[in-house]
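Chains as they are written, first to last, in my numbering: chain G, 9 to 362; chain P, 9 to 362. For each residue, glycine too, the CB sits at the ideal point set by N, CA and C.
2 protein chains.
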Amino acid sequence: MESNVSTITVSPDEMRECFTAILRKEGFSAERAVQCATIFTENSIDGVYTHGVNRFPRFMKYVRDGFVKKEAVPTLKHAFGGMEQWDGNMGPGPSNAVHASASAMRLAEKYGIGCVALSNTNHWMRAGNYAWTAAKKGFVFIAWTNTIANMPAWGAIDARVGNNPLVMALPYKDEAIVLDMAMSQYSLGHMEQVAMRNEVLPVNAGFDKEGKLTNDPSAILATRRLLPAGYWKGTGLALLLDILSAVLSGGLSTYDITKGKTKVEYGLSQIYIAIDISKFPNHSAIGAAVENIINDYHQSVPSDASQKITYPGERVLQTRNRNLANGIPVQKKVWDIIKGIEDGTNDLSAIPYT
Amino acid sequence: MESNVSTITVSPDEMRECFTAILRKEGFSAERAVQCATIFTENSIDGVYTHGVNRFPRFMKYVRDGFVKKEAVPTLKHAFGGMEQWDGNMGPGPSNAVHASASAMRLAEKYGIGCVALSNTNHWMRAGNYAWTAAKKGFVFIAWTNTIANMPAWGAIDARVGNNPLVMALPYKDEAIVLDMAMSQYSLGHMEQVAMRNEVLPVNAGFDKEGKLTNDPSAILATRRLLPAGYWKGTGLALLLDILSAVLSGGLSTYDITKGKTKVEYGLSQIYIAIDISKFPNHSAIGAAVENIINDYHQSVPSDASQKITYPGERVLQTRNRNLANGIPVQKKVWDIIKGIEDGTNDLSAIPYT
């Protein structure tokens with residue numbers, strides 16, 4: 009099938025500068041504008057376009073409409089040993105996530121393990137960003153967020169569960185192993201991209217309007233009946249991640265985020281756990297232990313001889329290196345929207361909330 | 009299809025006393041015999057027969073053959089703040105798990121969050137047991153174990169990943185919400201039970217000898233090509249859980265456990281995390297917050313009107329109450345083996361290692 013997407017290439021510097029300029033014009037401080045612009049650009053460099061360049065217009069929409077408070081900073085609600093509760097005060101998700109990650113690492117340095125529960129924050133875009141950062145600093149990092157209800161429980165028709173992404177990471181060589189997974193088999197963003205290319209997904213990912221499992225992304229986008237990864241397992245994990253993020257932070261649950269609203273997702277609850285492995289007596293042996301595991305994993309015999317079995321984060325690193333060398337592929341229509349926001353000809357009114 | 013399994017009913021007291029007698033005769037101390045007998049019985053009461061009564065003969069085999077050291081106790085290797093490393097010294101998995109859970113709760117009481125990494129332990133039988141206990145004491149509890157390699161990575165033919173069960177739990181009313189999930193879509197034990205009833209699984213759970221996905225448990229048991237839950241998602245999560253349990257405990261990885269051995273699984277690595285929510289300022293509001301989430305979740309519209317959407321642990325509680333009232337259903341041939349072990353006519357030589 010022929011792709012109907014025209015793609016251009018944008019250099020990382022050009023993208024970051026464009027995002028920074030837009031954010032500055034919107035009233036972001038210089039420091040915060042660079043911080044947010046850098047995270048959106050890094051996500052694009054890493055190939056997570058759905059939560060990088062493609063998502064930037066929607067982020068701006070949320071800022072403009074006041075769902076994201078551009079200069080809000082987190083405030084400490086409660087501290088007890090290695091555990092802290094912070095209120096994100098509806099600030100930008102990426103800024104709050106950087107703050108919460110740093111706080112969890114600070115606690116881990118002091119207590120071995122640190123946990124930050126963050127309420128009233130916004131979409132962090134991509135958990136992997138904070139996980140790569142923490143892992144490259146030498147920490148084990150586990151974090152998750154809740155979301156608006158976007159997935160039916162296994163066996164149900166109506167969406168009452170979030171797809172609540174979970175990230176787990178640790179240092180590996182000079183880089184990291186980073187698992188960044190939502191609890192739906194595929195994200196809406198990925199299905200939109202595949203639908204745009206008129207392709208189907210390699211496995212079933214949701215239900216069509218007849219209630220049948222399908223791998224056709226257009227049919228699933230029409231019903232919004234996403235399939236939980238592993239059926240009841242993804243459902244259960246999503247439910248527990250939501251409950252824990254809400255009750256440990258004293259913040260909103262998926263139910264609270266969803267009720268009475270129409271598709272606008274804000275006021276999320278998140279958990280950040282860091283473990284400082286430099287404090288471990290076996291610290292110097294960890295690198296070799298992980299390498300043994302990965303070496304064995306890499307020897308997996310693929311069922312399709314042309315496919316290599318890769319560990320979580322391995323292909324991200326390949327994409328990162330390619331995009332740093334060659335520039336970031338961007339859909340021309342997406343970049344046109346962003347340039348329109350930059351030059352003021354696009355007033356964001358046509359940008360959808362979802 | 010007709011079931012070819014004949015079932016009897018055994019009272020919880022009778023089962024616990026029988027297990028205790030066998031363990032005492034095997035040389036377990038009175039205290040440890042009661043502890044292990046109680047856990048195997050509780051798992052059976054909760055309906056997890058595969059890791060309760062059905063598994064008891066294999067546990068005895070591992071004890072008799074010296075893989076499980078009946079009187080070993082864990083020793084502290086390293087402590088730093090809320091993080092401790094313990095060596096399980098190859099003791100019984102259930103005894104080590106009770107010790108590690110209690111240690112994580114002790115750390116959580118002091119530091120808000122506590123983490124125990126346990127090396128050189130053995131199969132804990134059922135994570136849910138320790139999770140119910142911790143949650144009913146008021147803790148959030150997260151734990152996982154690695155296993156011998158028993159699952160191919162998604163896209164691979166040969167098993168180089170464990171199915172590494174993960175448990176997450178928290179208090180709910182006077183009981184608990186407990187998610188207890190392995191990273192394979194189904195466990196080998198469950199597939200054996202379904203195969204014995206000549207039934208098929210409701211979803212695909214592995215590959216047949218032609219390399220096709222199938223829901224026929226006999227075909228999957230023949231190839232041992234289990235399907236990771238959520239394909240690459242279950243694979244990635246299993247890999248990260250293995251790496252973290254091995255490196256944080258300084259213990260063996262799935263690769264280490266598997267290499268050079270033939271199907272005998274011992275020397276596992278596990279992680280136990282507890283969070284003491286009684287230390288939270290929003291503690292008194294947590295019960296109502298969880299109830300709101302569960303009430304909404306329960307309102308999910310089922311695609312099959314005869315099915316109710318249940319939260320993790322909800323059906324366990326129903327089974328527990330039924331088995332406490334009516335006795336525990338046990339396959340007659342399993343109970344015959346156990347009675348044979350008790351009266352000494354079964355010398356365990358015919359009990360398989362897997």
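request  = Scan the region 234-246 of chain G for residues whose Cβ lies nearer than 7 Å to a Cβ of chain P and list them as they occur along the chain.
outcome  = Ala-237, Gly-238, Tyr-239, Lys-241, Gly-242, Gly-244 and Leu-245
task = Express the C-alpha separation of Asp-166 of chain G and Thr-231 of chain G in angstroms, rounding to a whole number.
result = By one-based count along the first sequence, residue 231 of chain G stands at place 223. By one-based count along the first sequence, residue 166 of chain G stands at place 158. If you take the alpha carbons of Thr-231 of chain G and Asp-166 of chain G, they lie about 10 Å apart.
Start-end ranges of the beta strand (DSSP E) lying completely within the region 153-193 of chain P, minimum 3 residues = 167-169, 174-180 and 183-189
task = Tell me, please, whether the CB atom of Asn-300 of chain P is closer than 8 Å to any CB atom in chain G?
result = Within the second sequence, residue 300 of chain P is the residue found at index 292, counting from 1. True, the Cβ-Cβ gap to chain G drops below 8 Å.
message = Output needed for Ala-125 of chain P: all residues of its chain with C-beta closer than 6 Å, excluding positions within five of it in sequence on either side, in chain order.
response = Here the question's residue 125 of chain P lines up with position 117 in the second sequence. Excluding residues within five positions, the ones whose Cβ falls inside 6 Å are Gln-93, Leu-256, Ser-257 and Ile-279.
inquiry  = Tell me which residue opens and which closes the alpha helix (DSSP H) that His-198 of chain P is part of.
reply    = As a first step, residue 198 of chain P must be located in the second sequence, where it is residue number 190. Its alpha helix (DSSP H) spans residues 196-204.
key: Span of the alpha helix (DSSP H) around Gln-43 of chain P   = For the purposes of this step, residue 43 of chain P is taken as residue 35 along the second sequence, with counting starting at 1. Element bounds for Gln-43 of chain P: 38-53.
inquiry  = For Arg-63 of chain P, tell me which candidate among P:Asn-334, P:Thr-266 and P:Ile-345 has the shortest Cα-Cα distance.
reply    = Here residue 63 of chain P corresponds to residue number 55 of the second sequence, with the count starting at 1. Per the Cα distances, P:Ile-345.
ask   = Quick one: is Pro-225 of chain P near chain G, going by C-beta distance under 8 Å?
value = Taking the first residue of the second sequence as position 1, residue 225 of chain P is located at position 217. For Pro-225 of chain P, the answer is no, since every Cβ of chain G falls outside 8 Å of its Cβ.
task = Less than 8 Å between the CB atoms is what I'm expecting for Ser-311 of chain P and Ala-161 of chain G, so what's the real figure, rounded?
result = The residue you call residue 311 of chain P lines up with position 303 of the second sequence. The residue you call residue 161 of chain G lines up with position 153 of the first sequence. Not quite, the Cβ-Cβ distance comes to about 10 Å (not below 8 Å), so this is no contact.
task = State whether the region 52-59 of chain G contacts the region 187-205 of chain G, with contact taken as three or more CB pairs (one from each stretch) at a distance under 8 Å.
result = yes
message = Counting only Cβ-Cβ distances shorter than 8 Å, please list the residues of the region 309-328 of chain G near chain P, keeping chain order.
response = Val-309, Pro-310, Ser-311, Asp-312, Gln-315, Ile-317, Tyr-319 and Pro-320
key: Other residues of its chain near Lys-287 of chain G: CB distance less than 6 Å, five sequence neighbours each side excluded   = Here residue 287 of chain G corresponds to residue number 279 of the first sequence, with the count starting at 1. Cβ neighbours of Lys-287 of chain G beyond the five flanking positions: Gly-120.
request  = State buried or exposed for Glu-10 of chain G, treating a residue as buried only when at least 16 other CB atoms are found within 10 Å of its CB.
outcome  = In the first sequence, counting from the first residue as 1, residue 10 of chain G sits at position 2. A caution first: Glu-10 of chain G carries a pLDDT of 44, below 50, which makes its placement in the model too unreliable to give a value.
query = Are there 16 or more other CB atoms within 10 angstroms of the CB of Val-309 of chain P, so buried, or fewer, so exposed?
reply = As a first step, residue 309 of chain P must be located in the second sequence, where it is residue number 301. With fewer than 16 Cβ atoms within 10 Å of its Cβ, Val-309 of chain P is classed as exposed.
query = Gly-214 of chain P by DSSP, collapsed to three states: which one?
reply = Here residue 214 of chain P refers to the residue found at position 206 of the second sequence. Looking at Gly-214 of chain P - three-state DSSP - the assignment turns out to be strand.
query = Helix or strand or just coil, what does DSSP make of Thr-243 of chain G?
reply = Position 235 of the first sequence holds residue 243 of chain G. Three-state result, Thr-243 of chain G: helix.
Beta carbon proximity, Val-342 of chain G to chain P, threshold 8 Å = Within the first sequence, residue 342 of chain G is the residue found at index 334, counting from 1. Chain P has no Cβ within less than 8 Å of the Cβ of Val-342 of chain G.
query = Applying a beta-carbon distance threshold of less than 9 Å, which residues of chain G neighbour Gly-258 of chain P?
reply = Start at 1 with the first residue of the second sequence, and residue 258 of chain P comes out as number 250. Correct list: Phe-288, Pro-289, Asn-290, Ala-293, Ile-294 and Ala-297.
ask   = Do you know whose CA, among G:Tyr-194, G:Pro-179, G:Tyr-180 and G:Leu-174, lies nearest Asp-188 of chain G's CA?
value = Counting from 1 along the first sequence, the entry for residue 188 of chain G is found at position 180. For the residues G:Tyr-194, G:Pro-179, G:Tyr-180 and G:Leu-174, the minimum Cα distance to Asp-188 of chain G belongs to G:Leu-174.
ask   = Mind checking if Met-189 of chain G is an interface residue toward chain P, Cβ cutoff 8 Å exclusive?
value = As a first step, residue 189 of chain G must be located in the first sequence, where it is residue number 181. Using beta-carbon distances, Met-189 of chain G counts as an interface residue toward chain P, with a partner under 8 Å.
inquiry  = Quick check on the burial criterion: 16 or more other C-beta atoms within 10 angstroms. Buried or exposed for Leu-332 of chain G?
reply    = Translated into positions along the first sequence, residue 332 of chain G becomes position 324. Classification for Leu-332 of chain G: exposed.
Range covered by the alpha helix (DSSP H) that runs through Tyr-280 of chain G = Within the first sequence, numbered from 1, the residue matching residue 280 of chain G stands at position 272. Residue range 276-284 is occupied by the beta strand (DSSP E) that includes Tyr-280 of chain G, with no alpha helix (DSSP H) assigned at that position.
query = How close, in whole Å, do the beta carbons of Gly-321 of chain P and Val-202 of chain P come, if the pair is a contact with beta carbons under 8 Å?
reply = Translated into positions along the second sequence, residue 321 of chain P becomes position 313. Translated into positions along the second sequence, residue 202 of chain P becomes position 194. That pair is no contact at about 22 Å.
request  = Pull up the CB-CB distance for Gly-259 of chain G and Ser-192 of chain G, whole angstroms please, since I reckon it's below 8 Å.
outcome  = For this step, residue 259 of chain G is matched to residue 251 along the first sequence. For this step, residue 192 of chain G is matched to residue 184 along the first sequence. Rounded, the Cβ-Cβ distance is 22 Å, inconsistent with contact.
Within chain G, partners of Pro-160 of chain P - CB distance below 7 Å = Taking the first residue of the second sequence as 1, we reach residue 160 of chain P at position 152. Near Pro-160 of chain P (Cβ distances below 7 Å), the residues of chain G are Ser-308.
task = Check the Cβ of Met-91 of chain P against every Cβ in chain G and list those closer than 9 Å, keeping chain order.
result = Here residue 91 of chain P refers to the residue found at position 83 when the second sequence is read from its first residue. Those are Gly-90, Ala-116, Tyr-119, Gly-120, Ile-121, Ile-283, Asp-284, Lys-287 and Phe-288, listed as they occur along chain G.
task = Figure out for me which residue from P:Val-324, P:Ser-37, P:Arg-323 and P:Leu-249 has the closest Cα to the Cα of Thr-153 of chain P.
result = Locating residue 153 of chain P in the second sequence gives position 145, where the first residue counts as 1. Selected option, being the one with the closest Cα: P:Leu-249.
query = According to the neighbour-count rule (16 or more other Cβ atoms, all chains shown, within 10 Å of its Cβ), is Arg-134 of chain P buried or exposed?
reply = Taking the first residue of the second sequence as position 1, residue 134 of chain P is located at position 126. The residue is buried, with at least 16 neighbouring Cβ atoms inside 10 Å.
message = Counting C-beta neighbours from all protein chains within 10 Å, is the total for Ala-358 of chain G 16 or more, i.e. buried, or is it exposed?
response = As a first step, residue 358 of chain G is located in the first sequence; it is residue number 350 there, counting from the start. It is exposed - the Cβ of Ala-358 of chain G has fewer than 16 other Cβ atoms within 10 Å.
inquiry  = Using only the alpha-carbon positions, how far apart do Ser-109 of chain G and His-291 of chain G sit?
reply    = Along the first sequence, read from residue 1 onward, the residue named residue 109 of chain G stands at position 101. Along the first sequence, read from residue 1 onward, the residue named residue 291 of chain G stands at position 283. Distance between the alpha carbons of Ser-109 of chain G and His-291 of chain G is about 22 Å.
task = Could you check if Ser-111 of chain P is buried or exposed, using at least 16 other CB atoms within 10 Å of its CB as the buried criterion?
result = Within the second sequence, numbered from 1, the residue matching residue 111 of chain P stands at position 103. By the 10 Å Cβ count, Ser-111 of chain P comes out buried.
query = Hey, quick one: how far does the beta strand (DSSP E) through His-107 of chain P stretch, first residue to last?
reply = Here residue 107 of chain P refers to the residue found at position 99 when the second sequence is read from its first residue. Run containing His-107 of chain P: none in the beta strand (DSSP E); it sits in the alpha helix (DSSP H), 101-119.
task = Report yes if the C-beta distance between Phe-147 of chain G and Asp-284 of chain G is below 8 Å; otherwise report no.
result = For the purposes of this step, residue 147 of chain G is taken as the residue at position 139 of the first sequence. For the purposes of this step, residue 284 of chain G is taken as the residue at position 276 of the first sequence. Cβ distance < 8 Å, so Phe-147 of chain G and Asp-284 of chain G count as in contact.
task = Report yes if the CB atom of Asn-171 of chain G is closer than 8 Å to the CB atom of Ala-105 of chain G, and no otherwise.
result = On the first sequence, residue 171 of chain G is found 163 positions in, with the first residue counted as 1. On the first sequence, residue 105 of chain G is found 97 positions in, with the first residue counted as 1. No.
query = Helix, strand or coil: which one does DSSP assign to Met-91 of chain P?
reply = For the purposes of this step, residue 91 of chain P is taken as the residue at position 83 of the second sequence. Strand.
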